[in-house]
Structures are given as structure tokens and as C-alpha cells.
Amino acid sequence: MSSELFKVIQFLKEKRWVDLTHTFGPDSPHFSAFDSADFQTLFTHDDGFFAQNFKFPGQYGTHIDAPIHFVRNARYLDELDLKELILPLIVIDKSKESALNHDFTLSVKDILAFEEEYGIIEEGTFVALRTDWSKRWPNIAEFNNQDSEGNNHAPGWSLDALEFLFKKRNIKAIGHETFDTDSSIDFKNNGALLAEYFVLDQDTYQIELLTNLDQVPAKGAVIINVVPKPEKASGFPVRSFAILP
């Protein structure tokens, strides 16, 4: 190992690292159209070694969505470049607003207010929306937050906000703490996940079901997304973490 790279590793290890990933299992919250995960033991130590079989959809637990997840003829997960998976991290904190209004939807006005306080959002960054929705994990009912008519209520991004971030600020990727990019109210009104389609149509990825964003500053941290490389996959559980400045 070169002395320069060794010094970089040592420098990074002196920083605080924050795990942004939920531990998931068969009883974890998940998209309602999917079956619950199934974990089975294949062999025990009595057999000489411990091995398990795991069955779950690609979009399960904290996970990465590749462009192909929503967009035809787009890139699969294994086609993402390694350097795309490590990015400067921006965290827009709308946890208070989301606590007061479960249908909170991030607007361009909210982004401009953030920039007034912290400066312009830089090109090539990963922007995460903090709502503290992750604190409802692993309670499925609280995570879905359904009303008496069975409609979910959860915060999210507006299409306008995402168009601003990708087209005006040239960000690289996004992440959030909920199942979907769109707020539940936008999905109900539009009849489609327009915001999620827009993000993936930018030939990039997003990370869903992030956690611990309350431990990350608005600017200065780096996000690293470690994921397996299944062939022709639309997404997969990911180990995302932040290194703080």
C-alpha cells in the first residue's frame, strides 16, 4: 500500500462514521406489493458450518434503486460506476415540518431557504431529505401511517424541487427515509410516482429508507453506498454510511 493512500485511510478513520442503514428482516416495513423477506437456515454448526438462504425483493430495507427500476432501456445496478457511489452529502432537514404535517412535500422554496442558510448546493452532490420518518422503524403501522380509508400519509419530494436540484444545481443523486420519493399525497393526487420516475430518468440512482440523518450535518459529510453486484438487477439492499467532516 502506498504511503499516500495509507495516510488517507488513517485520516478517514479518525473521523466519525455514521451508519445510514436499517437492519432488516422478515418483520421489517416494506413496500405493500412485496412479500415479506424469508430468512432460512440451511446448515448449522452441528453440520460443520453455519449458512443461510435469503429471499427478498431487490427494493427491501435500506436499498438502492438503479435507473432501470422505472425507466426502460436504462442502466442496471451492475452498470453503475464505483465512483458514483461515493459523493459529497447534503442533508436538508425538514423533520419538524414533517412531524407537524405528515403530507409534507419539499418545495423549491424550501431548497432556496436552505441555501440562504448554508450556501448554494454544489454540483455532483448527493442530497438527502431528512424527515425523521426512519424513527418509526421497525413499526410497520407507524411507517405506513394509514388513515381510516387506508391511505398512507408520508412526506417526500415534489417534482418541482427535484427538477430544480438536477437541472439548476446539477446534483448527482438523492436519498430519503421513506418508501417512496414522492410524498404520499402527491402520489394520491397524481396517480403515479412522478418524482421517482424523474430521478431515475436522469440516469442516476437513489437510496431509500435511509436512517440516522439526524446525526449528519447539513454540509461537509460524504456518503458511501456499498452494494453487491447482482447481474441485471433493478436494485438491492445497500450499506450506506456517512463520514463526517
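Position 152 (the sequence shown) corresponds to 152 in the numbering used here; numbering is contiguous.
All residues carry an ideal CB built from backbone N, CA and C; glycine is no exception.
- Under the three-state reduction of DSSP output, Phe104 falls in the coil class, being neither helix nor strand.
- Sequence-distant partners of Pro228 (beyond 5 residues in either direction) whose C-beta falls short of 7 Å from its own C-beta, in its chain, are Phe236.
- Shortest Cα-Cα distance from Asp201 to any of Lys188, Ala51, Arg75 involves Arg75.
- In the structure shown, Leu89 adopts extended strand secondary structure according to DSSP, grouped into three states.
- Membership of Ile120 in any alpha helix (DSSP H) is not indicated, and neither H nor E is assigned to it by DSSP.
- The beta carbon of Gly220 is closer than 6 Å to those of Pro245 in its chain, skipping five residues each way along the sequence.
- If the five residues before and after Gly25 are omitted, its C-beta is found closer than 7 Å to the C-beta atoms of Ala37, Phe39, all from its own chain and listed in chain order.
- If one requires a minimum length of 4 residues, the alpha helix (DSSP H) runs lying completely within the region 157 to 233 are 159 to 163, 184 to 190, 194 to 200, in chain order.
- Annotation for Gly58: Ala233, Ser234, Gly235, Phe236 place their beta carbon closer than 6 Å to its own, counting only its chain and skipping 5 residues before and after.
- Apart from the 5 residues on each side of it in sequence, Ala51 sits with its Cβ closer than 6 Å to the Cβ of Leu42, Phe43 in its chain, given in chain order.
- In the assembly as shown, Asp147 is an exposed residue. Its beta-carbon has fewer than 16 other beta-carbons within 10 Å.
- Out of Leu87, Thr105, Leu85, Asp46, the CA that lies nearest to the CA of Lys94 is found in Thr105.
- Excluding its 5 nearest sequence neighbours in each direction, His176 has C-beta neighbours in its own chain below 6 Å: Leu129, listed in chain order.
- Pro26 carries a coil assignment under DSSP once its states are collapsed to helix, strand and coil.
- In this structure Ser240 does not touch Ala161 by the C-beta definition: roughly 21 Å separates them, more than the 8 Å allowed.
- With 16 or more other Cβ atoms from the protein chains shown falling within 10 Å of its own Cβ, Ser134 counts as buried.
- Pairing Ala195 with Gly156 gives a Cβ-Cβ distance under 9 Å.
- Of Leu85, Ile68, Phe34, Gly61, the smallest CA-CA separation from Glu231 is found for Ile68.
- A distance of 9 Å or more separates the beta carbons of Ile171 and Thr62.
- Relative to the Cα of Phe198, the nearest Cα in the group Leu159, Ala218, Ser183 belongs to Leu159.
- For Gln40, there is no enclosing alpha helix (DSSP H); the enclosing beta strand (DSSP E) has its first and last residue at 38 to 43.
- Residue pairing by DSSP places Trp17 opposite Ile243 in a beta bridge.
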